[in-house]
Amino acid sequence: NGTPAMENNRSDGEQEADDNDDDVIVDHDGHVDDDDEEPGQVIDKKTILLEFSKKLRRENSKNLSVWAVIHSRVPIVKISDQTSGVHCDISMQNDLSLYKDALLRSYVKIDSRFQKLVALVKTWAKARAINDAAAHTLNSFGYTLLIIQFLQVCSPPVFPNLQSAVIEFKGNRYEIPEPVAVVDNLEIRYHGCNGPDHDDIAHLVGYGEANTSSVEQLLVQFLHFIAVKLDLDKHCVCVREGNLKDADKSQFKHKHPPHMCIEDPFDPKDNVARSLTDRSVKTVKVEFLRAHEVMSRTGDFRKLCHKTPKGAELLPDHDTDALAAAAAAAVTRGRGKFASPQVRRGPPVPEGNRSARPQPRHPSQGEQRGQAETARSGFAASSRQHQQQYMSFQQQQRAQQQQQQQQQQQQQ
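Under the UniProt record's numbering, the sequence shown has 277 at position 277, and the numbering climbs by one with no breaks.
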């Protein structure tokens, strides 16, 4: 019994993202009835997933890449279809996961732009190698919660807070239902939870109609929100409360102190961003700064998703102040609380003249090395002009620092 974590409907214009990823939750209680096992025997989830992965390898060795990640907090089997490019993560369900899935479905139903925005962000994050908890970056659920939080706080808001006591919409006042379940001593309660599929949210569809931003505009605004507005030291992303809140790093149950705080929507003691380290959180922050600068300056999603060179997944320390200055300088005008400049596009290629499109040129080894070095410096870009701009920022900063030091020496 597999349940996709999010609906997989697509509309025209969203093929740019081509997000061929699904999360599947298998509803199984662990009991087996098999000739090789005792009737009614209970097998743990890790064993089931491990055997499942072995069976997939035996029967589909030519088409599928299969590997089991069974020692993680949530054991999964990762599957990649080499022919279609589809990727899938399979896990054994628990009740809390099913309700999280239903909550996400509810948000999907309210505004179709949400799912498209998630597809774009996941495509970018995977291309830039910052979407893998096993590599100490942020998992897909974490990015999804970041997007929900942004859509709750942007102006006008696209989403209500489905876990608030009351939602007012079109002159109606809707009170939150009674808890539909208690899982691990946590009350499961949100608007729509009392429906047959726990996502009965039809009365709130169209909540964000006042926000007329396109998906592309929302992407630029989202990147601005994370890169500029979100303070990792001070803020905790809290979808449950519908807004950023002051970070209380002692609230989480995990062994190590968090470097980024994203509160689970049902369990306030669970930090969804717990996999991030002191080093990898800098990588993620720099990538958001780079993404915001690239999209604000060029509007080119393909350029945004240029893959990180192999070996540069975890970047060293960066001059994030210079990056932030570059990103802020790109924002010169806009509308709304987190608005960014209009996206510029080149002229479209006529339908009958597709051959006129410039063909890509394979970079030389020297150019590839230069691109890798640019990525490690934290301001990766495909154009030489972009690199020169960054170097100019560094030179200006050094000159300012030297001038300040000279002034201090003269005063002494």
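The beta carbon of each residue, even a glycine, is placed where N, CA and C say it ideally should be.
Identified DSSP bridge partners for residue i
| i | result |
| --- | --- |
| N271 | E263 |
| E168 | R173 |
| C236 | K245 |
| V183 | L186 |
| W67 | K78 |
| M295 | None, per the DSSP bridge assignment. |
Distance CB(residue i)-CB(residue j) smaller than 8 Å
| i | j | result |
| --- | --- | --- |
| I262 | L145 | yes |
| K285 | L232 | yes |
| Y174 | H198 | no |
| F169 | L204 | yes |
| T283 | I130 | yes |
| I188 | V182 | yes |
| V77 | L49 | yes |
| V228 | M295 | no |
| K100 | F266 | yes |
| W124 | L289 | no |
| F222 | L56 | no |
| I128 | E287 | Per the sequence presented here, residue 128 reads as Arg, with Ile not at that position. Yes; because the gap between Cβ atoms is below 8 Å, this pair is in contact. |
Rounded separation between residue i and residue j - CA only
| i | j | result |
| --- | --- | --- |
| V239 | N161 | 7 Å |
| V272 | P257 | 13 Å |
| D44 | I70 | 11 Å |
| I79 | V180 | 33 Å |
| S91 | K54 | 15 Å |
| Q407 | S106 | 59 Å |
| P347 | V215 | Low local confidence applies: a pLDDT of 47 at P347 is under 50, so the model's placement there is unreliable, with the coordinate-based value given in what follows. One C-alpha to the other measures close to 20 Å. |
| T137 | Y143 | 11 Å |
| S65 | Q402 | 55 Å |
| D246 | V237 | 9 Å |
| E373 | F159 | Because the pLDDT at E373 is just 49, under 50, the model does not fix this residue reliably, and the value given afterwards should be weighed accordingly. Spanning the two alpha carbons is a distance of roughly 40 Å. |
| D184 | L96 | 8 Å |
| D200 | I167 | 14 Å |
| E241 | N139 | 21 Å |
| E51 | E293 | 46 Å |
| L230 | S164 | 22 Å |
| H318 | T47 | Per-residue confidence for H318 stands at a pLDDT of 42, beneath the threshold of 50, marking its modelled position as unreliable; no derived number is given. |
| H306 | F141 | 23 Å |
| R279 | C193 | 39 Å |
| Q410 | M260 | 42 Å |
| D89 | Q405 | 54 Å |
| residue 429 | N211 | Residue 429 falls outside the range modelled here, since the chain spans only 1 to 412, and no answer is possible. |
| G85 | K122 | 15 Å |
Environment of residue i [buried if 16+ CB atoms lie within 10 Å]
| i | result |
| --- | --- |
| N63 | exposed |
| Q115 | buried |
| H224 | buried |
| R302 | exposed |
| P156 | exposed |
| R297 | buried |
| Q82 | exposed |
| S275 | buried |
| W67 | exposed |
| A202 | exposed |
| D248 | exposed |
| K255 | exposed |
| residue 414 | The chain is shown only over 1 to 412; residue 414 falls outside these bounds and no answer can be derived. |
| G299 | buried |
| P360 | Because the pLDDT of P360 is 43, which lies under 50, any placement of that residue in the model is unreliable, and the question is left without a value. |
| N172 | exposed |
| N60 | exposed |
Proximity winner among the options, relative to residue i (alpha-carbon distances)
| i | options | result |
| --- | --- | --- |
| H87 | L104, K126, P75 | K126 |
| V281 | V220, K46, A135 | A135 |
| K109 | T212, G208, Q405 | G208 |
| Q152 | K100, D89, L244, L120 | L244 |
| G195 | E51, L289, L103 | L103 |
| A291 | D264, N60, L120 | L120 |
| S112 | G85, H259, G206 | G206 |
| A133 | G171, V74, E287 | V74 |
| L186 | D264, I148, H259, C154 | D264 |
| S213 | C154, M260, N172, E178 | C154 |
| I148 | S84, A210, L218, D89 | L218 |
Proximity test, residue i beta-carbon vs the ligand GTP heavy atom, cut-off 7 Å
| i | result |
| --- | --- |
| L204 | This structure simply doesn't include the ligand GTP, nor any ligand for that matter. |
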